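First the structure, in the form of structure tokens, and then the observations on it.
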Amino acid sequence: MAPGGWTCFLTGLLSLAWAAGHDHQGEADTYHVSAGHLFLLSCQIADAHSEIKWSRGDGGDGSLPAGVEVRDGSLWFLPVQMTHSGSYVCEKRNKMKPSKGRFRVLVSGSSCPDPSEEILATKETSEGLPCKQNEIFRLSLPRKIRWTKDCQQVQSDGEPVHPNTNGLMRLAAVSEADAGKYTCHVDVTVDGRNYTAARSVQMTVKNGTPEIFPEIHVVRPKNEVVIVEVGKRAELHCKAYTGFSEDEEIFMYWTINGTYSSDISGLVESWKFIHERGKVFGESTLSIATVRNEFLNVPIHCHISSPVEVKVGEARLQEADPTERNTFYMIVSLWLSALFTILILTAFVLVCKVNLFLAYRALKTVFSKQDGPVDYSQLPESLRYIKRTQGALEWKSSFVETNKLTQMYLKSNFWKSLRRHMPAAPARRPQSIA
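For the sequence shown, the positions run -19 to -1, 1 to 415 when mature numbering (1 follows the signal peptide of the UniProt record, and there is no 0) is used.
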């Protein structure tokens, strides 16, 4: 091939690679929805720092049809209409390379839409059917979840089946009769209007060896009692061993006295997988914004569910004893009072020491030579003794400059100090009587 031909060929390859890097459309994801229902479509390629732009992908000017709007980066169908069938494109714009995602929406008139996926279940095993309405669940709105099989209410022993807080419905001992189209219906209220969101899965039952799941072990809580105060915030923690890998069919949720925490206002639950020394644990937190009386002394359960079993950890909230709390406060008060008293006494002692030191310095006798001759023979014996031992004597003028009371105090202390410096008087010998 000529050099010019190779250049054109390489240029074409680079152009195709650049286009593939900027338009991650690939095969469009297909969603089956029902007319009259609520439907939320999220841009899966988006992140928190991306600018999202939605458009119609069927040609034309790309404008969204009536009844479809963008909220928080997601496409809202309020509600779905037959004319909403078609292709939709989300474009992510940020500092990195732009990218696009393409989605296909197929609208039917049935209240139970066509299945969007297929689940293969093994005969005589337990199987969990996920609702997969995460976009709806993230709204944190009060909701009611119900399941139908082939558009008929699913029942167990004549009673409706109640799925968990995330909509998962578990079937025990699957049989061939359980095969069919299952639809998860979620009833919510948006902007004061009642809506239903629905998503279907097709379950097929087969014979074969069931998949093996490791046994779940609850680490905590195990009959745990948590001391709380009514009106204050509290948190409960749950941890369970789930195996050696993160399995998407394992999930965790909380109930308070048999009621799902998601159905109780003021409660927020979250969970995640964590890895410790090659093992995988599920870790969940139940946050209670304000502890209410109805939360006290009732069973609070953390559920850890896998396709083969469900393990439960139990905790209870107990109000702190007011007597113990008052005793604690009293002990703290006494301790602080004692500490304050010690500090005051220490300061007082230091002040007294300083005053005594200053007084000592004020009373200290300083000896030096006086101007002019002094006749020491006229002084008392005690002063003459000091003259002989110390060499000089000075009478401080402070005695004269102060008031009478101070002079008396200083003179008294002077003579006391003087006596302390005098040697002991020699013992007198008894005189003999002639």
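Where a beta carbon is used, it is the ideal one built from N, C-alpha and C, also for glycine. Quantities reported herein were computed from a predicted structural model and do not represent experimental measurements.
Check, Outcome
"Distance between residue 183 and residue 21 (C-alpha atoms, nearest Å)", "21 Å"
"Where residue 246 sits in the DSSP three-state scheme", "coil"
"Residue 314, DSSP secondary structure in three states", "helix"
"Counterpart residues of residue 234 in DSSP-defined beta bridges", "284"
"Euclidean distance between Cα positions of residue 327 and residue 315", "18 Å"
"Cutoff 8 Å; reference residue 185; Cβ partners in own chain excluding five residues on either side", "99, 100, 101, 102 and 160"
"Residue 15 versus residue 154 - alpha carbon distance", "31 Å"
"Three-way DSSP call (helix, strand, coil) for residue 193 in this model", "coil"
"Neighbour-count burial assignment, residue 350, 16 or more Cβ in a 10 Å radius", "Summary for residue 350: the model assigns pLDDT 42, below 50, so the residue's position carries little reliability; its value from the coordinates is reported in the next sentence. Exposed, by the Cβ-count rule."
"Proximity test, residue 124 beta-carbon vs the ligand NAP heavy atom, cut-off 6 Å", "With respect to the ligand NAP, the structure offers nothing, as it holds no ligand at all."
"Sequence-distant residues of the same chain with beta carbon closer than 6 Å to residue 113, five excluded per side", "180"
"Rounded Cβ spacing between residue 219 and residue 294 (contact assumed at less than 8 Å)", "5 Å"
"Cβ shell of residue 41 (< 6 Å), same chain only, five flanking positions each side left out", "none"
"Cβ neighbour criterion (16 or more within 10 Å) applied to residue 145", "buried"
"Secondary structure of residue 10, DSSP reduced to three states", "strand"
"Rounded Cβ spacing between residue 198 and residue 94 (contact assumed at less than 8 Å)", "Residue 198 to residue 94, Cβ: 39 Å. No contact."
"Beta-bridge partners of residue 162, as assigned by DSSP", "183"
"Local conformation of residue 214 per DSSP, three classes", "coil"
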